[in-house]
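I have placed the structure first, in the form of structure tokens, so that the comments after it can refer back to it.
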Amino acid sequence: MSPPARRGRALGAPAQLARVALAALVAVVALGLPGCAAERGPAPIRLWHAYRGAEERALAALVATWSGPPVELLALPADAFAAKLQAAIPLGAGPDLYIDAHERLGDFRARGIVAPVGDALEEDAFGPEVLPAVEQDGVAYGVPLTLKSAALYVNDALVPTDPPDLESIAELRLPEGVYPLAYEAENAYFHAAVLHAFGGSFLAPAGEPGAPGATPGASDAFGFVGEAAERSLELVRSLVDRGVVPADADGALVTRLFAAGKAATAISGPWLANDLPPETPHYRVIPLPKVRAADGAPLRPMLTVEALMLAPAGAARPEVRAFARFVASTEGTAILRREARAVPARRDAEGLLEGETLRRAFDDPALAADALVSAFAAQARVAIPMPTSVAMRATWEPAARALKKVLRGDTAPAEALREAKQRFDDARPKAVPAARPEPLVAIVGVLCLAAAFWLVRRARRREFRAAVRRSLPAYAYVLHSVVVLGVLVFVPLFAGAAISLAVGRPGELTYVGGYNFVEILTARGGPLFASGSFYLVLLVTLAWTAVNLFFHLGIGLVLGLLLSRPTLRLKALYRVLLIIPWAVPSYVTALAWKGMFHRQFGAVSALLSAVNDLFGTDLESIAWFSRFSTAFAANCTTNIWLGFPFMMVVTLAGLTAIPKDVLEAAEVDGATRWQRLWRVTLPLLRPTVMPAAVLGAVWTFNMFNVVFLVSGGEPDGQTDILVSEAYRWAFTREAQYGFAAAYSVLIFLLLFAGTELPGLVRRWRARRRLAPAAEVSS
Amino acid sequence: MKRRGRAVLESVGAHALILVFVGFALYPVLWVVALAFSGNDTPEARLLPVPVQPTLKHLVEVVGPSPSGSWLFGRQLLNSLVVSGATAAVGIGIAIPTAYALARFEFVGKKTGVRALLATQMFPAVASAVPLYMLLSALGLLNSRTGLVLCYASTAVPFAIFQLRAAFESIPVELEEAAMVDGATRFGAFLRVVLPAARPAIAVTGLFAFMSAYNEFILAATLLGSEDMFTLPVVLQRYVGEHSANWPAFAAGALVVSLPVMALFYVVQRHLVAGLTAGAVKG
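If you read the protein sequences in the order shown, they are chains A and B.
Per the numbering used here: the first sequence = residues 6 to 783.
Per the numbering used here: the second sequence = residues 65 to 347.
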């Protein structure tokens, strides 16, 4: 066969393959088609929400009574809701209107994804405690729908008379093992009620503190400092220390305790009533009690107004505004109230049942829903609307960390609060002067010129052209993947890396040069190894990678060697069972492990008490996520569990590749088993295991899921690794994408250096060894 | 006799050690199973993952027809399977020729290309998520399974290329050369000799691509915009919300979601060792 003909064929054949791939792509596109709606009459109204369960059904029932243009409902996961709105609406792919909590309005308005509601808001329908929540600079940006705040759930049998104050709840005489009060004490949202009772707030009041007319939380400065904050922390700490309130309770635990009659009272929102199973003991709901320590002031919870918000495109359509008005009408909210026990935000929903009538109504199943709604409506009147400022979202993380530190007895309140303020101030976006882009342009220009010059010089060399010509058949095989990877992987990657040179939100980025990198590498002006600094997180990440890799390799090698024993029975069964951690979706098992590490109710605690019973030891169940060492160990256990099967299979694969005669030869030569293992088997395994170990190290270094889902960075962000830190900058600290991107670039550089350096050093050494020889020979 | 006793002891020790790890591997899974079938989860630390008051209500709640009467769960299961299957097909389809070229040809830019490919594995996805979203929107592929498949496939391709390249390298060149002497073209030899020989590796690589797509939920939740297009992890995520978490329902859903992928894993696992053996040559 002549070479040209061969090349022609070689080029033609991959083209055939490309056609097959294209056909596959077309098939995929065709699969996507049935989902596309055909053109039909009036444009549908698209409504997005994050409701589930009863609320979702109620909303569907409400929409079914609407007689206007068709409505398309879409339920989304709550965690992805805001991010999806922010991404979709500016691109015209979003809804006409959506339901979200009022406190996001400030943020949404800054991003331009919400518009004034205009005539969608019925006049005089909403009271003065509700309306300001949805107003921005005096203009309504949302139609109030329902109210959410915490109130007190009371177990009728355990607490027959309403406790007048928090202290009398603590003094209740209760059976063994029953908590007087259950609530998420470490959750800043619930702590707000205590803080408000002492006159504090998470955001400082505008104007002079204490001056008349100062609205709490009206400024953008951190307010969780000072006497009120300290006293609120001391009160809650004493409640936890005395066993009045369970330590590190989450929402699910509060539900379970109250449902099982193991908590006499519980502070929670209306959602608790929906989650309580039918076998829950009789209960009633009353407004939160007063606090003796705060001179008899009542606990005032945060008020969230769930509101209909109109996207700019939706607000321009009269039928969308009419639909919003319809949903928020008396009849509309009555459906939500009936079906989902939601508390309507409208004035005319208040005052249905009061006092003694209210209490008795809980006994009557027919009236129970009304009673619940009335109780929360009464509570809403003394609740404080959550501030809508963007700064509010930045308070949660520092406040929650301070709470955890104090409640776990690690730090004094004043110290924890000072740290929280420091953290808040650090994380707030600073005004950064825009840098001049000229240096960057100059550098990029020079680099481009140099690259072009180099390419031209190479291209003029005959050998190079010959090499390229020889490469043509190979290019036919790689062209398509270069195109696909170039567009879908490298372009977003470079764009992402470029964001690291800017600050601000996507869409309004300002070029600031190396500012982000300087800030990160100088630990934002603080001590280099302060909590949360780049260097400390890097150390944790390195330790994390090393520990995981060690155990992955160790367990993988041991199991691989054991399973390859020729005499072992049940080999196939063992292999299948041991691979299971690899086969189960990792987010499922990460969450399962988190549950197993729960202090009071996790299986690990059960295991410890079983060990105690068996051996008479005195191991105490601990709060796994309250200390760095144990939280880190919990993360590692989970990830080791997830990763060892891969290394085991890699080892098995490597072992089958080792020729038997090599081992037999060693045996004949009189090598002991240990010698055979260390001198023959392991060195021969190296080429298989090493690449897998390098890849495993890279994956572990960037293992976001486990850290995020299991410890969530607790305690105090100490177990965060670089990737989860980057994630926090992008999504929980006011979307500072520039910082997140800079972290990502640094991670990339570290990994790249880490994987490239050994090779470079080896080559350099080899060259040095060769160099003297070359001198001699010349 | 002494030798025999030692062998027995050794084998008992090996079984015991393996059983410890089997317990370690199975415990969390059984814990999820117990949670899914428990009728009443009392707040007590429990050692044995056995369902309390066994019930199927959570399973029915998750898998049963939705209030509107349509069987949404079935549709979403189909979505998951179709998206993951298409991801595996497209990803492998893109990776095979490239991996073959890397294994068999010398060409200008090969080293740079391989290094760039490895580098994509090091860059965290957090930073490129926003640009990727804008890109898909520009291509008109938002809210479509096609866009999702393209995203997943492009992330699965680099690993697939490494995996398959090693597999192709471990196949002796002589096999192709023999076929080419017999009159086959290079591509014909690739199709008829190399691909069949690499079948285990292709199966394993396809499984990895399938699993990565089947388990992903962040991109899916961001890109997909209607309920009948959701994949199962997105649905599952909704059971563990911000304010209220329905853990038993989540566990029941997790169980149903895990079953197909575990079944697939079981089918492919006998190839797993052979498929990864290929990696013996180099990564």
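Note that CB positions come from ideal geometry on N, CA and C, so glycine has one too.
The model shown is predicted, which means the values in this text are computed figures rather than measured ones.
For residue j and residue i, the rounded distance between their alpha carbons
i, j, result
"B:A313", "B:V124", "9 Å"
"A:P221", "A:A85", "With a pLDDT of 48 at A:P221, under the threshold of 50, the predicted position of this residue should be treated as unreliable, and no value is reported."
"B:H122", "A:V144", "45 Å"
"A:P532", "A:L755", "22 Å"
"B:F137", "B:V126", "8 Å"
"B:V337", "A:F713", "31 Å"
"A:R731", "B:P188", "In the sequence under discussion, the amino acid at residue 731 of chain A is Ala, which differs from the Arg named in the question. In a straight line, the C-alpha of A:A731 is about 9 Å away from that of B:P188."
"A:G717", "A:H107", "26 Å"
"A:F207", "A:V395", "13 Å"
"A:S334", "A:R351", "8 Å"
"A:A156", "B:G157", "58 Å"
"A:A588", "A:G256", "30 Å"
"B:L73", "A:V545", "42 Å"
"A:R470", "B:L255", "30 Å"
"A:W71", "A:F328", "8 Å"
"A:L698", "B:L228", "Looking at the sequence shown, residue 698 of chain A is not Leu but Ala. A:A698 and B:L228: Cα-Cα distance of roughly 18 Å."
"A:A507", "A:G518", "7 Å"
"A:V34", "B:Q140", "Confidence is the limiting factor: at A:V34 the pLDDT is only 46, short of 50, which leaves the residue's position unreliable and the question unanswerable from this model."
"A:F499", "A:V750", "10 Å"
"A:K435", "A:I752", "23 Å"
"B:A193", "A:Q141", "31 Å"
"A:L596", "A:L700", "25 Å"
"B:L94", "A:I726", "29 Å"
"B:F171", "B:S234", "20 Å"
"A:A472", "B:F329", "43 Å"
"A:V572", "B:A261", "Val is not the amino acid found at residue 572 of chain A; the sequence shown has Thr there. So the alpha carbons of these two residues sit roughly 29 Å apart."
Cross-chain neighbours of residue i in chain B, by beta carbon under 9 Å
i, result
"A:L573", "S75, A78, H79, I82"
"A:M601", "Y91, P92, W95"
Contacts of residue i in chain A (Cβ-Cβ under 7 Å)
i, result
"B:T372", "Residue 372 of chain B lies beyond the stretch modelled for chain B, which goes from 65 to 347, so this question has no answer here."
"B:L214", "L493"
"B:T286", "A85, A88, K89, A92"
Residue range of the unbroken alpha helix (DSSP H) whose run includes residue i
i, result
"A:A156", "Element bounds for A:A156: not the alpha helix (DSSP H) but the beta strand (DSSP E), 156 to 160."
"A:F646", "Note that residue 646 of chain A corresponds to Trp in the displayed sequence, not to Phe. Note, A:W646: alpha helix (DSSP H), 633 to 661."
"A:T70", "Per DSSP, A:T70 belongs to no alpha helix (DSSP H) and is neither H nor E."
"A:M695", "687 to 706"
"B:A222", "Residue 222 of chain B is actually Pro in this sequence, not Ala. Run containing B:P222: 209 to 233, per the alpha helix (DSSP H) assignment."
"B:N143", "136 to 168"
"A:Q427", "418 to 432"
"B:T286", "282 to 287"
"A:I448", "443 to 465"
"A:K795", "There is simply no residue 795 of chain A to check, as chain A begins at 6 and stops at 783 in what is shown."
"B:M186", "Looking at the DSSP string, B:M186 is not in any alpha helix (DSSP H), and its letter there is neither H nor E."
"B:P297", "296 to 301"
"A:I174", "171 to 175"
Residue i, enclosing beta strand (DSSP E) - first and last residue
i, result
"A:I50", "50 to 54"
"A:P185", "184 to 187"
"A:P149", "148 to 153"
Per-residue contacts from residue i into chain A (C-beta, under 8 Å)
i, result
"B:R70", "Within 8 Å Cβ-Cβ: nothing; B:R70 doesn't reach chain A, min ~12 Å."
"B:R263", "By Cβ distance, chain A contributes nothing, its closest Cβ being about 15 Å from B:R263, past 8 Å."
Neighbouring residues, chain B, relative to residue i (Cβ below 7 Å)
i, result
"A:A746", "A191"
"A:I174", "None at all; the shortest Cβ gap to chain B is about 20 Å."
"A:V703", "Q185, M186"
Amino acids of chain B, ordered along the chain, whose beta-carbon sits closer than 8 Å to that of residue i
i, result
"A:N160", "Here the premise fails: no neighbours, minimum Cβ distance about 15 Å."
"A:N707", "M186, P188"
Query - alpha helix (DSSP H) runs contained entirely in the segment 480 to 562 of chain A, provided each spans 4 or more residues - result: 496 to 504, 520 to 526
Query raised in the report: Which full runs of the beta strand (DSSP E) of 3+ residues lie inside the segment 81 to 110 of chain A, going along the chain?
Result: 102 to 106
Query raised in the report: Which runs of the beta strand (DSSP E), 3 residues or longer, sit entirely within the segment 266 to 311 of chain A?
Result: 268 to 273, 288 to 291
Query raised in the report: Which runs of the alpha helix (DSSP H) fall wholly inside the segment 591 to 623 of chain A and span at least 4 residues, in chain order?
Result: 591 to 601, 608 to 620
Requested in this report: State whether the segment 152 to 170 of chain A contacts the segment 279 to 292 of chain A, with contact taken as three or more CB pairs (one from each stretch) at a distance under 8 Å.
Outcome: yes
Query raised in the report: Are the segment 267 to 276 of chain B and the segment 286 to 300 of chain B touching, with three or more C-beta to C-beta distances below 8 Å?
Result: no
Query raised in the report: Counting pairs of beta carbons, one from the segment 641 to 650 of chain A and one from the segment 705 to 712 of chain A, are three or more of them closer than 8 Å?
Result: yes
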